[in-house]
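Worksheet: the structure to be examined is printed underneath.
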Amino acid sequence: MEGFAGPQVLAEAAAQAMNKLDYTAQHMGMRIESMQPGCCVLSMRVQDWMINGHGICHGGLIFTLADTAFAYACNSHNQRAVAQHCTITFLAPGKAEETLTATATETVSSGRSGIYDIEVQNEHGTPLAHFRGNSRTIAGTILEEPSSPDPSKGDLP
């Protein structure tokens, strides 16, 4: 969008706006590590309440971390987008006190559809899960485009 200082600034601002209202991500302690157009890196420390009956991180919470990175990446262009289809393959368990990182990357953008690959790994670089998300754009934007100064309203250029 023209009113922003470029795609990088727009991606960062969109992620911050979404994160401000994302109470699930906040509750789970997710942190935005980096943000670029079409890409997002989130981290999360595995807390005791996240451990399931097998003594490992609940798979649904790993899915939620990956899904959140997917959401921020597919909305980074400031066009509202939602998940249309997601799959996850678990490769190894997450453990208590580990820091997990989800790296989302836009692989295809065509019309209203996008495909994103998200890799989840632990702090040692061990792959824990591969998530693929298909997005669909919907009406609206995450951020309002900054308005141009209007001299008739007393705005200064």
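Just so you know, the numbering used here puts 216 at position 93 of the sequence shown, and the rest follows in order with no gaps. Glycine is no exception: its CB is placed at the ideal position from the N, C-alpha and C atoms.
Alpha carbon of residue i to alpha carbon of residue j, nearest angstrom
i           : j           : result
residue 133 : residue 236 : 20 Å
residue 196 : residue 250 : 20 Å
residue 168 : residue 181 : 13 Å
residue 174 : residue 151 : 12 Å
residue 206 : residue 198 : 11 Å
residue 194 : residue 156 : 15 Å
residue 145 : residue 183 : 17 Å
residue 138 : residue 164 : 11 Å
residue 128 : residue 248 : 34 Å
residue 143 : residue 238 : 25 Å
Where the beta strand (DSSP E) through residue i begins and ends
i           : result
residue 250 : 250-260
residue 206 : 204-213
residue 135 : First-last for residue 135: 130-144, but that is the alpha helix (DSSP H), not the beta strand (DSSP E).
residue 264 : Taken as a continuous stretch (DSSP letters only), residue 264 belongs to no beta strand (DSSP E), as it is neither H nor E.
Residue of the options minimising C-alpha distance to residue i
i           : options            : result
residue 161 : 252, 192, 253      : 192
residue 178 : 258, 163, 221, 141 : 221
residue 259 : 224, 209, 248, 168 : 209
residue 242 : 212, 234, 262      : 212
residue 176 : 261, 225, 219      : 219
residue 232 : 153, 252, 200, 215 : 200
Residue i at chain B interface by Cβ criterion, 7 Å
i           : result
residue 188 : Checking the listed chains, one finds no chain B in this structure; it contains a single protein chain.
Delimiting residues of the alpha helix (DSSP H) encompassing residue i
i           : result
residue 242 : Premise fails: residue 242 lies in the beta strand (DSSP E), 236-244, not in any alpha helix (DSSP H).
residue 185 : 182-197
Proximity below 7 Å, CB of residue i to CB of residue j
i           : j           : result
residue 266 : residue 140 : yes
residue 203 : residue 263 : yes
residue 148 : residue 254 : no
residue 185 : residue 217 : yes
Cutoff 7 Å; reference residue i; Cβ partners in own chain excluding five residues on either side
i           : result
residue 135 : 158
residue 171 : 219
Neighbourhood of residue i by C-beta, 6 Å cutoff - its chain only, sequence neighbours within 5 removed
i           : result
residue 240 : 228, 230, 255
residue 225 : 165, 188, 189, 192, 241, 243
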